[in-house]
Amino acid sequence: MDKIYIRLISLAIGLPFCSLYAMASEPLESINLLSEQSPKDNQLASYTKSRDVFYADNTLTLGQNAQVRRADIILKGDKIVYDQNKNTATLVGNIRVLKDGTLITGDTADYHFDEESGQITNIKYHLLNNGVGYAKSAVLKDNNIIVFDDAVYSACPCEDQVWQVRSKVLKVNDAKNSVQARDATLYIKGTPVFWFPYLSYVLRKEKTTGFLAPMISITSRSGLDLSVPYFINLAPNYDLTLTPRILTKHGALLETEARYLTTTGNGQIGWSYMPRDTQLHQSRWSWNYRHHQRLGQIDDFKISMDVDWNAVSDDDYYRDFRRGVIDLGDTIYLNRSISLNADDGNYWTAKLTLQKYQVLQDQTSDTVYGQYERLPEFTLKGKRYDWYGFDVSTENSITRFEFPKYFGDKLPWTQYTGGHRAPDGTRYMSYTRVSYPIRKAGWYIIPEVGLHATRYETNWYQQYLNTWRQVYPNVNYPISSQSGRNRATVNRVLPIFSLDSGMIFRRKTSLFGQPSIQTLEPRVYLVSIPYRDQSDIPVYDTSLSEFSMGSVFKPNRYTGWDRINTGNIVTVGLSSRWYDEDSGKQRLALQLAQRYYLNEKRVWLPGEDPDNYGRSDMLVNAEVALTNTLDLELGGQVSSKQYQNIATMASIRWMPKRLTSFSLSYRYKRDPLSYMPNPNYSDSTGKETVGMAFQWPFTKNLYAVGRLDYAIREKRLSQSILGIEYKGNCCWAGRIVLQRYAVGKNAQNSAIYLQLELQGLGSLGTNPVEVLRKSIPGYEAVNPENELNSKYERYE
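Heads up, the sequence shown is in our numbering, so the first residue is 19 and it goes up one at a time.
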């Protein structure tokens with residue numbers, strides 16, 4: 019007999035259907051049923067399918083691979099009995115219920131379509147978040163909630179589960195994105211380790227109110243550090259995190275963070291408070307505020323505002339309370355800025371900024387730090403590329419610089435100067451450039467002309483100069499006047515001419531026995547700037563540029579605008595690269611660069627070594643990929659006058675496979691300037707460090723991680739990180755990491771981080787992964803995060 023398909027528009031025509039069934043000589047292979055709900059129902063259509071079907075007394079019986087499908091739920095079983103009057107279904111044998119990505123199997127089930135509720139017995143389940151387990155029974159309360167009784171839960175994908183949570187009640191709420199367990203016990207390898215009166219975790223990575231994983235660490239400055247964050251999802255567009263924190267050496271600290279998002283802006287507010295530090299016998303606090311606000315549009319300009327304001331109670335706040343620090347060093351500058359921005363999206367940008375700092379000074383250091391503040395600064399920038407072949411840009415600013423006052427015995431002159439450490443003043447600056455790039459196959463030439471104009475209106479504190487010179491008779495700082503004048507107003511106008519040119523040659527060759535492509539890239543950069551006496555100009559935001567391949571081909575060897583080098587300067591560079599002919603991978607790169615001064619150098623920063631040698635130091639750099647897993651790099655800066663080593667960098671990195679890396683490095687840098695007036699300063703001083711970093715497997719599950727940085731001249735470890743990571747076979751990982759880092763000139767902090775990570779449940783302890791990523795080149799987490807599942811992951 020041919021297959022017979024019958025679609026019933028309503029169960030009211032079930033009687034003719036039943037007669038047809040009785041007349042059939044063999045059972046129907048499949049029947050599809052479309053049920054139109056009454057107005058009081060949820061208007062969802064139901065479809066059924068089975069090999070056998072029987073209808074009598076408003077009851078539809080489906081047998082042999084029976085199923086009922088709706089948009090919100092799928093019911094399957096050996097037998098399904100549908101009661102039309104009650105709008106319910108009873109399922110018997112091999113029950114499968116699929117609801118929003120959650121699969122439940124069991125022996126028997128009852129489901130009420132009107133109330134979207136039901137009950138299943140003797141079940142196993144698989145949640146959307148890969149949580150699996152079994153329970154005595156489950157109740158489907160509505161379209162979003164499933165409650166399991168006497169349940170066992172785990173997110174381990176392996177058959178031999180490492181951890182389980184056994185609870186009296188397990189509640190899954192899809193609408194609230196939560197799984198809640200009451201009277202729950204955590205079992206690890208079958209052993210109970212912790213009891214929770216209440217435990218909550220999420221189905222999906224979405225915002226949900228509840229406790230976050232506790233963080234535990236031990237440091238030499240804070241002792242045992244325990245915190246338990248509580249996240250409050252106030253609304254889809256704003257939330258709050260409260261973190262009570264106990265530090266055994268200091269006391270109780272409450273940290274809070276509020277985030278918000280509006281149609282025109284976003285931001286966050288953080289604050290913390292310790293009523294009484296048991297060591298310092300005083301209260302300690304911090305707060306920060308970050309905000310971005312779109313204010314609207316004026317003509318084509320989009321107007322916005324940015325705020326970044328930070329404050330702490332004392333210099334050592336971050337040294338005592340900050341987790342996972344790489345190296346705090348001698349000083350920290352906390353930014354405090356407010357800016358008003360305008361951008362037309364094409365050519366022009368403008369910004370009005372107020373910027374201050376809170377300097378967190380290392381109390382053990384003899385150096386007193388400070389930094390000019392902008393109170394305020396207005397900048398206007400414009401650019402236009404390929405405008406009839408020309409590139410045009412302009413940068414203009416007006417800045418009021420003020421240096422923070424300091425009263426104390428570390429700086430003898432401040433008692434005579436009312437606390438002033440450096441001259442305040444206002445700088446007006448304008449720099450406009452026009453270039454005409456010519457680029458062809460294998461070569462390019464870019465001529466450029468610019469005009470730089472600056473005006474300074476400065477408070478010189480003339481009455482304090484004699485006192486300054488008595489304290490430091492051999493140092494001309496902050497005033498170094500070759501002309502003998504100390505002027506309150508200084509003007510400077512400089513035309514700047516430059517010509518950048520280069521060529522690229524290519525040829526086929528071989529390297530390490532492999533066919534390769536070699537390039538030869540000569541480059542010549544010319545700069546001409548007429549001389550202007552700049553000794554009367556104060557130094558607000560200018561320092562000597564880091565001499566590197568990136569800065570050597572720029573017109574000014576200083577950062578900022580308080581000094582502009584003058585004269586005729588030629589920079590010559592030569593690069594050569596080797597690439598695999600097949601893969602295009604760079605195997606070898608060699609670079610050389612040097613400046614030639616055609617005139618005597620006559621512009622200097624205070625404290626800078628007045629070297630008038632006709633050539634700059636020589637820059638050399640080499641990068642070699644010996645294999646696909648072994649890389650070498652060597653760079654240096656060599657004095658052309660005395661052939662002394664000015665700076666050296668060397669590193670070797672080996673990454674033979676995933677989760678395996680080893681690197682060695684050496685760095686030396688001679689200080690080019692003194693940062694404070696010091697007549698005994700020697701330009702031969704500098705920093706010299708060696709470092710080692712690694713992530714190495716002992717076995718397929720056990721890994722060692724670490725980094726050691728040793729300061730040779732100070733004869734101490736500036737930073738050390740040593741740890742062990744263990745990767746479980748399927749769903750857990752553990753870490754123990756010890757870190758020691760500098761928090762000042764003569765002060766260090768030691769920390770121990772312990773973490774147990776249970777996949778699908780969360781982690782216990784403080785997560786050191788971010789510290790490891792920043793410290794160890796090539797570091798990879800031993801347990802990468804799983805991809806998010808879709809609600810159709812197990813669709814049947």
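For every residue, glycine included, the Cβ atom is placed at its ideal position computed from N, Cα and C.
Sub-8 angstroms separation of residue i and residue j beta-carbons
| i | j | result |
| --- | --- | --- |
| Gln102 | Thr79 | no |
| Tyr387 | Gln376 | no |
| Ile794 | Ala711 | yes |
| Arg620 | Thr589 | no |
| Thr666 | Tyr686 | yes |
| Ser519 | Val545 | no |
| Gln737 | Arg753 | no |
| Ile163 | Asn140 | no |
| Val180 | Val165 | no |
| Arg302 | Ser331 | yes |
| Arg510 | Arg550 | yes |
| Leu529 | Arg605 | yes |
| Ala107 | Val86 | yes |
| Thr203 | Arg184 | yes |
| Thr227 | Phe212 | no |
7 angstroms Cβ shell around residue i - same chain, five flanking residues per side excluded
| i | result |
| --- | --- |
| Asn617 | Gly585, Asn586 |
| Gly283 | His309, His310, Gln311, Arg312 |
| Asp333 | Leu378, Gln379, Gln381 |
| Thr527 | Ser534, Gln536 |
| Ser322 | His310, Gln311, Arg312, Leu313, Asn359 |
| Val800 | Leu677, Tyr721, Glu743, Lys745, Ala751 |
| Tyr219 | Val197, Leu779, Gly780 |
| Pro628 | Trp622 |
Exposure label - residue i; buried when at least 16 CB within 10 Å
| i | result |
| --- | --- |
| Trp596 | buried |
| Ile555 | buried |
| Asn359 | buried |
| Ser534 | buried |
| Glu775 | buried |
| Asp243 | buried |
| Arg503 | With a pLDDT of 49 at Arg503, under the threshold of 50, the modelled position of that residue is not reliable, and no figure is offered here. |
Nearest-angstrom Cα separation, counted from residue j out to residue i
| i | j | result |
| --- | --- | --- |
| Ser135 | Thr120 | 15 angstroms |
| Arg688 | Lys705 | 6 angstroms |
| Glu267 | Ala231 | The sequence shown places Lys at residue 267, rather than the Glu named in the question. About 23 angstroms. |
| Pro786 | Tyr771 | 7 angstroms |
| Lys423 | Thr349 | 17 angstroms |
| Leu279 | Tyr256 | 6 angstroms |
| Ala760 | Thr274 | 27 angstroms |
| Leu648 | Ile234 | 37 angstroms |
| Ser499 | Gln552 | Per-residue confidence for Ser499 stands at a pLDDT of 43, beneath the threshold of 50, marking its modelled position as unreliable; no derived number is given. |
| Glu817 | Gly241 | Because the chain is modelled from 19 through 814, residue 817 falls outside the range shown and cannot be assessed. |
| Trp405 | Thr560 | 32 angstroms |
| Arg239 | Leu217 | 33 angstroms |
| Gly124 | Pro215 | 28 angstroms |
| Tyr631 | Tyr335 | 47 angstroms |
Cut-off 8 angstroms between Cβ atoms - residues of its own chain near residue i, not counting five sequence neighbours on either side
| i | result |
| --- | --- |
| Tyr558 | Tyr390, Thr417, Phe419, Gly443, Arg445, Gly578, Asp580 |
Residues of its chain near residue i, where Cβ-Cβ distance is below 6 angstroms and the 5 sequence neighbours each way are ignored
| i | result |
| --- | --- |
| Glu641 | Ala607, Glu651 |
| Ser679 | Met673, Gln713, Gly796 |
| Thr105 | This sequence places Asn at residue 105; Thr is not what is there. Result list for Asn105: Phe131, Asp132, in chain order. |
| Ala276 | Leu258, Ile287 |
| Thr412 | Gly400, Thr450 |
| Met447 | Ser415, Thr472, Trp579 |
| Lys369 | Ser357, Asn359, Thr397 |
| Phe515 | Val467, Ser546 |
| Ile739 | Gly724, Arg725, Gln757, Ser793 |
| Thr126 | Val110, Thr139 |
| Ile463 | Ile456, Ser519 |
| Asp59 | Here Asp59 scores only 46 on pLDDT, less than 50, and its place in the model should not be relied on; the value that follows carries that caveat. So the qualifying residues of the chain are Asp132. |
Beta-bridge partners of residue i, as assigned by DSSP
| i | result |
| --- | --- |
| Arg605 | Arg605 is not bridged to any residue. |
| Gln82 | None, per the DSSP bridge assignment. |
| Phe408 | Trp405 |
| His852 | Residue 852 cannot be examined here, being either before or after the span of the chain that is shown, 19 to 814. |
| Gln379 | Thr349 |
| Met521 | Trp461 |
| Tyr143 | Ile122, Gly151 |
| Gly783 | Gln773 |
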